[in-house]
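See structure below.
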Amino acid sequence: MRSSFLRIAVLICFLIVSGIGAVGPASAQQRSLSFIRDAEVEHTIRQIATPLFKAADLDPNAIDIHLIRDNAINAFVGGGMHLFIFTGLLMASDNPNQIAGVIAHETGHIAGGHLSRIGGAVEMATAQAIASALLGLAISVAGGSADAGMAIAMGGQQMAQRGMLSFSRAQENSADQAGIRFLHRAGESALGMLQFFEKLDTQNALIGSRQSPYLSTHPMAADRVRVVQNVVAQEKGVSAEATPAQQMAYDRMIAKLRGFLDPPGRTFAAYKADDTSVPARYARAIAYYRQADLDHALPLIRGLIAEQPDDPYFHELEGQMLFENGRVAEAIKPYRLAVEKSDRAPLIAVGLAQ
Numbered sequence: 036m037r038s039s040f041l042r043i044a045v046l047i048c049f050l051i052v053s054g055i056g057a058v059g060p061a062s063a064q065q066r067s068l069s070f071i072r073d074a075e076v077e078h079t080i081r082q083i084a085t086p087l088f089k090a091a092d093l094d095p096n097a098i099d100i101h102l103i104r105d106n107a108i109n110a111f112v113g114g115g116m117h118l119f120i121f122t123g124l125l126m127a128s129d130n131p132n133q134i135a136g137v138i139a140h141e142t143g144h145i146a147g148g149h150l151s152r153i154g155g156a157v158e159m160a161t162a163q164a165i166a167s168a169l170l171g172l173a174i175s176v177a178g179g180s181a182d183a184g185m186a187i188a189m190g191g192q193q194m195a196q197r198g199m200l201s202f203s204r205a206q207e208n209s210a211d212q213a214g215i216r217f218l219h220r221a222g223e224s225a226l227g228m229l230q231f232f233e234k235l236d237t238q239n240a241l242i243g244s245r246q247s248p249y250l251s252t253h254p255m256a257a258d259r260v261r262v263v264q265n266v267v268a269q270e271k272g273v274s275a276e277a278t279p280a281q282q283m284a285y286d287r288m289i290a291k292l293r294g295f296l297d298p299p300g301r302t303f304a305a306y307k308a309d310d311t312s313v314p315a316r317y318a319r320a321i322a323y324y325r326q327a328d329l330d331h332a333l334p335l336i337r338g339l340i341a342e343q344p345d346d347p348y349f350h351e352l353e354g355q356m357l358f359e360n361g362r363v364a365e366a367i368k369p370y371r372l373a374v375e376k377s378d379r380a381p382l383i384a385v386g387l388a389q
């Protein structure tokens with residue numbers, strides 16, 4: 036996970052939120068969004084999403100997926116072909132099929148031409164404004180004019196002043212039905228969608244800040260849950276079970292997110308020292324690295340590399356650990372291996388360039 040991307044994204048989103056205070060609560064100006072970039076996490080989400088995009092007759096390469104660093108259980112589409120997923124939603128999931136259920140639903144909104152806008156803490160900022168911010172971010176990160184990038188980001192504010200509307204229940208029902216079709220076409224069960232809806236249904240009893248922001252833009256009703264329950268009860272020839280490779284990719288993604296985003300103490304409690312699984316060692320390596328404890332972090336990540344020498348993400352993490360602790364010369368080799376073994380993934384190549 037590249038901290039440099041986080042800092043730039045936070046700045047741009049703060050400018051968007053603070054620039055439209057007249058149409059939203061002042062509290063929202065105190066909570067900006069940050070975007071994270073990570074090659075492994077993005078690849079895992081793409082692996083889940085691509086069959087669903089294809090099932091909807093959408094070009095997967097035409098849909099941009101953005102990760103928002105926020106504990107809220109939320110996701111939305113907007114700004115054209117943009118899918119935004121909160122890290123809180125990923126970490127609240129129990130299996131990859133639940134993430135597939137959410138993505139299938141959001142794909143239903145894309146295929147149906149619906150327009151989703153962010154609710155909760157950023158209810159005054161539209162997805163179009165954030166898409167403009169991301170374009171400005173890309174220009175700045177790529178070495179273009181910072182002023183040009185900022186101008187694009189600020190220009191998106193005009194879109195954010197056009198008013199906010201939640202999805203209607205009719206649109207939600209339509210997206211549900213489309214999402215179920217896409218899941219079935221991809222050979223997947225709607226059980227994950229049902230499980231996620233059941234999580235949200237419990238949120239209906241909550242008030243104020245305890246309620247998931249997802250409900251602000253995605254009205255939840257008991258009849259929606261019942262419809263999906265009936266579908267799941269009658270399913271045939273589809274699977275809710277992930278393959279071992281899919282499950283491992285999911286478990287590693289969650290371990291990585293928790294390692295980077297949770298306090299280290301919480302990570303160590305969730306992934307105890309006697310847990311020798313790959314995800315557990317991965318999470319602990321990251322937690323130790325965040326504590327600047329390379330005496331524990333490096334043996335863990337190097338042990339994983341010894342077991343899986345062709346895994347680019349383990350090499351990338353070793354390079355990041357060394358680079359960010361001032362051992363620049365030592366970081367070059369693992370970064371080069373990461374670039375080579377990832378077929379020159381752009382995000383990993385950025386680490387080597389640094």
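Once you know that position 192 of the sequence shown is 227 in our numbering, the rest is easy, because the numbers rise by one and skip nothing. Idealized CB from N, CA, C, for every residue including glycine.
Simplified DSSP assignment, three categories, for residue i
i	result
G113	strand
S69	strand
E233	helix
D310	coil
E276	coil
L118	strand
E359	coil
E223	strand
L372	helix
H144	helix
I103	strand
S128	coil
L382	helix
H78	helix
K271	coil
I98	coil
I108	coil
S203	coil
L93	coil
A366	helix
D258	helix
D297	coil
Q326	coil
P344	coil
Close-in-space but distant-in-sequence residues of the same chain around residue i (CB under 6 Å, 5 per side omitted)
i	result
L372	H350
I145	V112
E359	none
S128	I134
V76	M288
A290	P314, Y317, A318
P369	H350, E353, G354
Contacts around residue i, its chain only, beta-carbon distance under 7 Å, and the 5 residues preceding and following it disregarded
i	result
D377	According to the sequence as given, residue 377 is Ser; it is not Asp. Around S377: A74, P347, I383.
R220	A90
L46	Reliability of the predicted coordinates at L46 is poor, the pLDDT of 42 falling under 50, and the value obtained from them is presented with this limitation in mind. Cβ within range, chain order: n/a, list empty.
Y324	A332, M356
T79	A284, Y285, M288
R259	E207, N208, D211, F232
E375	none
Buried or exposed by the 16-neighbour rule on C-beta atoms within 10 Å, applied to residue i
i	result
Q5	Because residue 5 is not part of the residues shown, which for the chain are 36 to 389, the question remains open.
A327	exposed
D345	exposed
S94	For the sequence presented, residue 94 should be read as Asp rather than Ser. Classification of D94: exposed, given that the 10 Å Cβ count is below 16.
D310	exposed
A277	buried
P381	exposed
R261	exposed
R301	exposed
S69	buried
P86	buried
A366	buried
N96	exposed
A84	buried
Q280	The identity of residue 280 in the sequence shown is Ala, whereas the question assumes Gln. With fewer than 16 other Cβ atoms within 10 Å, it is exposed.
G136	buried
A341	exposed
A304	exposed
A275	buried
P334	exposed
Nearest-angstrom Cβ-Cβ length linking residue i and residue j, presumed shorter than 8 Å
i	j	result
F121	I103	5 Å
G147	A210	6 Å
G227	Q133	4 Å
P299	A315	Going by Cβ atoms, the distance from P299 to A315 rounds to 14 Å, so no, they are not a contact pair.
L235	A225	Contact doesn't hold; Cβ gap of about 15 Å is too wide.
G294	Y317	7 Å
V313	L339	6 Å
H101	F119	5 Å
Same chain, Cβ closer than 8 Å to residue i, neighbours up to 5 away in sequence not counted
i	result
L296	R104, T122, M126
A308	R319
S244	A caution first: S244 carries a pLDDT of 46, below 50, which makes its placement in the model too unreliable to give a value.
Check your understanding: Would you say the stretch 126 to 142 touches the stretch 209 to 221, given that touching needs at least three Cβ pairs under 8 Å?
Key -> yes
Note to self: Tell me whether the stretch 105 to 121 and the stretch 265 to 277 touch, counting them as touching only if at least three CB pairs, one residue from each stretch, are closer than 8 Å.
What the structure shows: no
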